[in-house]
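A.B. asks:
In the working numbering, the protein residues as written are 717 to 1083.
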């Protein structure tokens, strides 16, 4: 099968070096701390959408991981535990319950993880437009997946250095059975600073695939999109930070590989965002212009397909302004709130969100 991002990521991870010290440290090793970690996300997200592209929805619940971190060496850590996602008002104990099992191996600024992935990044600022599972642009992946699918499993390669910031992953979502095709998504989000200048080059790509060879129930489909961007962070007196980013994106949406010459297969768009932060407040503005933009897992407000299945032509426009604030912040605890107004063609809608994050670590023993 023609899988675009997955083989590239797997090869990169396979060739990624592990330092010799991780294999044979020599001498007496210091005692390592075994810790009990908690990672909880409490969310209240309400979207009042009344437009042809996306319906409103209320997501109110709590997702959390309770796990034990067991260091195997100075470079490798085994994590084991349980993940639960409960929706308030549901009669079910948990909408999603999964084991947490992962091995993370670190080398300098790089970390390779196999098993349960690290998702829902937090850059320290209240940013509702950046709260997707991996912080992708909303046209590539809708933010609310952070609440409906916050637990992912596969492989991941993360880099955090002065020269490169990157998150690359494969998330296996579904097995190939007699009832349905297998499904996975793969992506990369990166940022390359330019020396000491207040500018960086960005790149984001995302690919969803449904296929499999064991069973052929349903069509084989692919949805791939992404592109490069420029990120400006000029120092402005009176602001903690100002970020202006622009991305040029291309998409290829194949709903069925057996269908040839689909006129809606290729699309493109331009994404512009400006965000300013001051004393815990963040204001942002987004403008989007897209033509034939069809993307699985993308925010439908940016897409060209209406809810009735028809495709909007020629060019979609979307705009958004928002104000967010961190109301409380202490060691391991943050409470954020956000209010946004959306323009979807000729419709004007609004949404609001409250998020609480609790991250703690308790020492169990040393070994």
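Just so you know, even glycine gets a beta-carbon here, dropped at the ideal spot from N, CA and C. Remember, predicted model here, so these are calculated numbers, not experimental data.
Can you list, in chain order, the stretches of the beta strand (DSSP E) that have 3 or more residues and sit fully within the segment 750–780?
C.D. replies: none
A.B. asks: Bridge partners of residue 836, per DSSP?
C.D. replies: What you label residue 836 is simply residue 120 of the chain shown in a count that begins at 1. In DSSP, residue 836 forms no bridge with anything.
A.B. asks: Using the Cβ count rule (16 or more neighbours within 10 Å means buried), how would you classify residue 929?
C.D. replies: Along the chain shown, read from residue 1 onward, the residue named residue 929 stands at position 213. Exposed, because fewer than 16 other Cβ atoms sit within 10 Å of the Cβ of residue 929.
A.B. asks: For a quick check, are the C-beta atoms of residue 824 and residue 837 less than 9 Å apart?
C.D. replies: Counting from 1 along the chain shown, the entry for residue 824 is found at position 108. Counting from 1 along the chain shown, the entry for residue 837 is found at position 121. No; because the gap between Cβ atoms is not below 9 Å, this pair is not in contact.
A.B. asks: In terms of residues, what are the limits of the beta strand (DSSP E) holding residue 863?
C.D. replies: On the chain shown, residue 863 is found 147 positions in, with the first residue counted as 1. Looking at the DSSP string, residue 863 is not in any beta strand (DSSP E); the run it does join, the alpha helix (DSSP H), is 861–864.
A.B. asks: Just mark residue 1025 as buried or exposed, buried being the case when its beta carbon has 16 or more other beta carbons within 10 Å.
C.D. replies: Here residue 1025 refers to the residue found at position 309 of the chain shown. Counting Cβ neighbours within 10 Å, residue 1025 comes out exposed, since fewer than 16 surround it.
A.B. asks: Where in the segment 967–1036 do unbroken runs of the beta strand (DSSP E), each at least 3 residues long, occur, reported from the N-terminal end onward?
C.D. replies: With a minimum length of 3 residues, the continuous beta strand (DSSP E) runs that stay inside the segment 967–1036 are 982–994, 997–1007.
A.B. asks: Give the straight-line distance between the Cα atoms of residue 740 and residue 925, rounded to the nearest whole angstrom.
C.D. replies: Against the chain shown, residue 740 aligns to sequence position 24. Against the chain shown, residue 925 aligns to sequence position 209. Its pLDDT being 44, under 50, residue 740 is placed unreliably in this model, and the coordinates cannot settle the point.
A.B. asks: Going by DSSP, what residues sit across from residue 957 in a beta bridge?
C.D. replies: Here the question's residue 957 lines up with position 241 in the chain shown. Secondary-structure assignment with DSSP links residue 957 through a beta bridge to 993.
A.B. asks: Using CA coordinates, which residue listed in 873, 888, 887 is at the minimum distance from residue 881?
C.D. replies: Working through the chain shown from its first residue, we reach residue 881 at position 165. Checked all of 873, 888, 887; the closest Cα to residue 881 is 873.
A.B. asks: Taking only the alpha-carbon atoms, compute the straight-line gap between residue 1014 and residue 1027 and give it to the nearest angstrom.
C.D. replies: Translated into positions along the chain shown, residue 1014 becomes position 298. Translated into positions along the chain shown, residue 1027 becomes position 311. Distance between the alpha carbons of residue 1014 and residue 1027 is about 15 Å.
A.B. asks: In whole angstroms, what separates the C-alpha of residue 1018 from that of residue 922?
C.D. replies: Against the chain shown, residue 1018 aligns to sequence position 302. Against the chain shown, residue 922 aligns to sequence position 206. Approximately 15 Å between the Cα atoms of the pair.
A.B. asks: According to DSSP, is residue 787 helix, strand or coil?
C.D. replies: Within the chain shown, residue 787 is the residue found at index 71, counting from 1. Residue 787 falls in the strand class under three-state DSSP.
A.B. asks: Smallest Cα separation from residue 871: which of 897, 906, 862, 831?
C.D. replies: To locate residue 871, count along the chain shown from 1; it is residue 155. Per the Cα distances, 831.
A.B. asks: Within its chain, find whatever has a CB closer than 6 Å to the CB of residue 1039; leave out the 5 residues flanking it on each side and keep chain order.
C.D. replies: Translated into the one-based positions of the chain shown, residue 1039 becomes position 323. Cβ within range, chain order: 999, 1055.
A.B. asks: Give the DSSP-derived three-state secondary structure of residue 844 in the structure shown.
C.D. replies: Reading the chain shown from its first residue, position 128 is the one you call residue 844. Helix at residue 844.
A.B. asks: Can you pull the DSSP bridge partners for residue 1076?
C.D. replies: Here residue 1076 corresponds to residue number 360 of the chain shown, with the count starting at 1. Answer by DSSP bridge pairing, in chain order: 754.
A.B. asks: So what's residue 809 in DSSP terms, helix, strand or just coil?
C.D. replies: One-based indexing of the chain shown puts residue 809 at position 93. In the structure shown, residue 809 falls within a coil segment according to DSSP collapsed to helix, strand and coil.
A.B. asks: For the structure I just gave you, are there three or more beta carbon pairs, one from the segment 968–977 and one from the segment 942–956, closer than 8 Å?
C.D. replies: no
A.B. asks: Give the C-beta separation of residue 845 and residue 1002 to the nearest angstrom, bearing in mind that I take them to be a contact with Cβ-Cβ under 8 Å.
C.D. replies: On the chain shown, residue 845 is found 129 positions in, with the first residue counted as 1. On the chain shown, residue 1002 is found 286 positions in, with the first residue counted as 1. Going by Cβ atoms, the distance from residue 845 to residue 1002 rounds to 6 Å, so yes, they are a contact pair.
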